[in-house]
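So the mapping is simple: the numbering used here equals the position in the sequence shown, first residue as 1, plus 6.
We put the CB at the ideal spot given by N, CA and C, even for glycine.
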Amino acid sequence: MGLFPDDRVYAEYTSKAQDSTEKTTCANLKAANMQNKAKFIGLVISGVIAITCARHNFFLHGGMVNMIHGEKFNLTDLALAGVLRFLLLVRHIVLTYDIACQYEKNLVKRFKENFIGTPFEHLGLDEVVDRFLCLVPKMHLKGHIPDCQYEYSLNFTQNVGRTYGEGIEGTWAEAKQAGGMTREMNAGHRIDTLNALQNDWNITKLQNLFSSLFRQLTNARSQARRKLEFYKGQSKLNGQVRVEKWLKMSVKPVRKGKHVESVYRLKEDKIPGQAQIYRQMLDAEAEGTPNTNVKTPVSQFLNNGLKIQSTQRSIKANARKRDQTDADKTALAKQRASLRGSLKRWREEQEAICPSVLDLVLEQQFGHPEEERLFLPSDLSSAQHREHQLEHLSECEMKLRRGEANDAIRSLRTELRHLDALWEMKKKKANHNVGTERNLRGLKDVHNSEEKVRRLATKYRECRHAMLALGMSAADAKGYPVLEDADMYQKNVIQPHALGEGSTTESWLWVFGAVGSLSIAPQAPSI
7 MGLFPDDRVY
17 AEYTSKAQDS
27 TEKTTCANLK
37 AANMQNKAKF
47 IGLVISGVIA
57 ITCARHNFFL
67 HGGMVNMIHG
77 EKFNLTDLAL
87 AGVLRFLLLV
97 RHIVLTYDIA
107 CQYEKNLVKR
117 FKENFIGTPF
127 EHLGLDEVVD
137 RFLCLVPKMH
147 LKGHIPDCQY
157 EYSLNFTQNV
167 GRTYGEGIEG
177 TWAEAKQAGG
187 MTREMNAGHR
197 IDTLNALQND
207 WNITKLQNLF
217 SSLFRQLTNA
227 RSQARRKLEF
237 YKGQSKLNGQ
247 VRVEKWLKMS
257 VKPVRKGKHV
267 ESVYRLKEDK
277 IPGQAQIYRQ
287 MLDAEAEGTP
297 NTNVKTPVSQ
307 FLNNGLKIQS
317 TQRSIKANAR
327 KRDQTDADKT
337 ALAKQRASLR
347 GSLKRWREEQ
357 EAICPSVLDL
367 VLEQQFGHPE
377 EERLFLPSDL
387 SSAQHREHQL
397 EHLSECEMKL
407 RRGEANDAIR
417 SLRTELRHLD
427 ALWEMKKKKA
437 NHNVGTERNL
447 RGLKDVHNSE
457 EKVRRLATKY
467 RECRHAMLAL
477 GMSAADAKGY
487 PVLEDADMYQ
497 KNVIQPHALG
507 EGSTTESWLW
517 VFGAVGSLSI
527 APQAPSI
């Protein structure tokens, strides 16, 4: 089977077709103008472009052309045309290409103009490519800007299964072994050799296809069971009404100006946080909610209490630091003094809103202010709520705790991404020989980020514990699962996927419940 086009067709096409290489605006990949042109000096042929089957990775008849001074779109078009002439009746075609986001821009126009006077002119290939779906292979997609990662993703496209689009990279690893031999050959001998090598690849692939497909099918069945259970769990958690609504939504990405919108793209600003719920509660109290006869609104009192608890957590973490310097100890003393003043003012508000609780306050042992219990409703039992008439405060605190937990998870996810980025920067070869001072400074940034992750995890766990103490139902508790250390992991979004990463399932931290995917309307508590 011949892979290369006729020499006469190739010469006529390259002499007439315009050089259509376009500067890529998002991909930092070795394609098109991103290559080092110096390596092409003295070369007549700089390489080949090939079209292979994305499913089983067979080289396709007529789908290989020689490159002249690098990869150009018009040469890719010629290789593509050589394959498409046998696929004129195929209705749905998906093309994966490292820089598909740039390649597809003038694809139809190039096919209309560049093939005039060639054997492809009257085949209607421009109509075929007009119904193309261009996507980026999964590994290369991570080198593109975020918008491309939704618009050109195989993961978010229907009817492509688990196709990953990177199969051709394996063929190059094998074919490049012949590079030392073919670079010294004349044109005809080189093409004959490459045809023989790629046909041998196809025959070998065909002979081993059964065992390869059987292995993949066995793995797919195992993965499908786990993914299905994961999907059922999320569907049950979010309820039939939401799931049915989501199923009616279009999964196709929509470009609005320079921004791409997708149902798979998390809009974190829609997650109700503590500040938003606090504002809603203040508005509700102003309209006549109970306890408006006191000077300080209940929501403000509780919100200040939650802020004090956050300060207590921070001071506790600072107090646990080892090898504290005199400056650290001085800063800690100032923080404790400031917290003591805040506690005193807050106790005055507490006396006005729930005076009977002060008896419990006086019974505790007073030491450092960060160890002092506030005696919020979450610090008391349900019997004590009734005894001190704290039922309304308990309901209000539950609402604020939900927002605080959402804030903690949102910040935790952001910080985990930040930590990943810091580690990637630290691992770069360019940062290996930068001197001790800079290395230590970079390591300090990593340690600070790790400490922030621990603090945010503690904040969420304490919020969840408080919500359980306030009587959170079992159904609501599923929306705020237990946070284990193993859950604080995400797949690397900066570098391409690691081996085996596609078979792992990320924790609830990234996908589950109110903190992961719901909008304000279904999440915001009724006030």
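Buried or exposed: which applies to residue i, given that a residue is buried once 16 or more other Cβ atoms fall within 10 Å of its Cβ?
i	result
residue 122	exposed
residue 336	exposed
residue 130	exposed
residue 86	buried
residue 495	exposed
residue 60	buried
residue 328	exposed
residue 326	exposed
residue 384	buried
residue 34	In this prediction, residue 34 scores a pLDDT of 48, lower than 50, which makes its location untrustworthy; no coordinate-derived value is stated.
residue 158	buried
residue 172	buried
residue 476	buried
residue 19	buried
residue 377	exposed
residue 90	buried
If I follow the unbroken beta strand (DSSP E) through residue i, where does it start and stop?
i	result
residue 267	265 to 267
residue 100	100 to 102
residue 9	Premise fails: residue 9 is in no beta strand (DSSP E) and is neither H nor E.
residue 62	Taken as a continuous stretch (DSSP letters only), residue 62 belongs to no beta strand (DSSP E), as it is neither H nor E.
residue 139	139 to 141
If you compare alpha carbons, which of the options is closest to residue i?
i	options	result
residue 350	379, 334 and 328	379
residue 386	369, 376 and 363	363
residue 320	345, 258 and 173	345
residue 178	393, 464 and 204	204
residue 165	491, 97 and 484	97
residue 342	83, 328, 102 and 315	315
residue 485	395, 242, 67 and 148	242
residue 463	419, 478, 496 and 246	419
residue 58	304, 208, 383 and 154	208
residue 55	9, 92 and 112	9
residue 413	468, 393 and 428	468
residue 373	388, 318, 424 and 422	318
residue 399	257, 393, 415 and 382	382
residue 451	146, 158, 182 and 429	429
residue 305	271, 258 and 355	355
residue 368	376, 353, 358 and 359	353
residue 80	193, 219, 392 and 21	21
residue 490	474, 248, 246 and 415	415
residue 88	125, 118, 99 and 216	125
residue 219	119, 167, 191 and 62	62
residue 105	23, 90 and 140	140
residue 309	322, 192 and 409	409
What first and last residue would you give for the alpha helix (DSSP H) that runs through residue i?
i	result
residue 177	173 to 181
residue 87	79 to 90
residue 107	106 to 109
residue 54	Element bounds for residue 54: not the alpha helix (DSSP H) but the beta strand (DSSP E), 53 to 58.
residue 349	332 to 359
residue 306	304 to 325
residue 271	From DSSP, residue 271 is part of no alpha helix (DSSP H); its letter is neither H nor E.
residue 23	From DSSP, residue 23 is part of no alpha helix (DSSP H); its letter is neither H nor E.
residue 481	480 to 484
Classify residue i as helix, strand or coil using the three-state DSSP reduction.
i	result
residue 150	coil
residue 256	coil
residue 189	coil
residue 409	helix
residue 261	strand
residue 159	strand
residue 72	strand
residue 122	coil
residue 381	coil
residue 210	helix
residue 170	coil
residue 393	helix
residue 115	helix
residue 236	helix
residue 367	helix
residue 387	coil
residue 195	helix
residue 500	Here the model assigns residue 500 a pLDDT of 47, short of 50, so the residue's position is not dependable and the matter cannot be decided.
residue 220	helix
I'd like to know if the segment 215 to 233 and the segment 129 to 148 are in contact, where contact means that at least 3 CB-CB pairs between them fall below 8 angstroms.
no
Is there contact here, the segment 58 to 67 with the segment 178 to 196, by at least three beta-carbon pairs under 8 angstroms?
no
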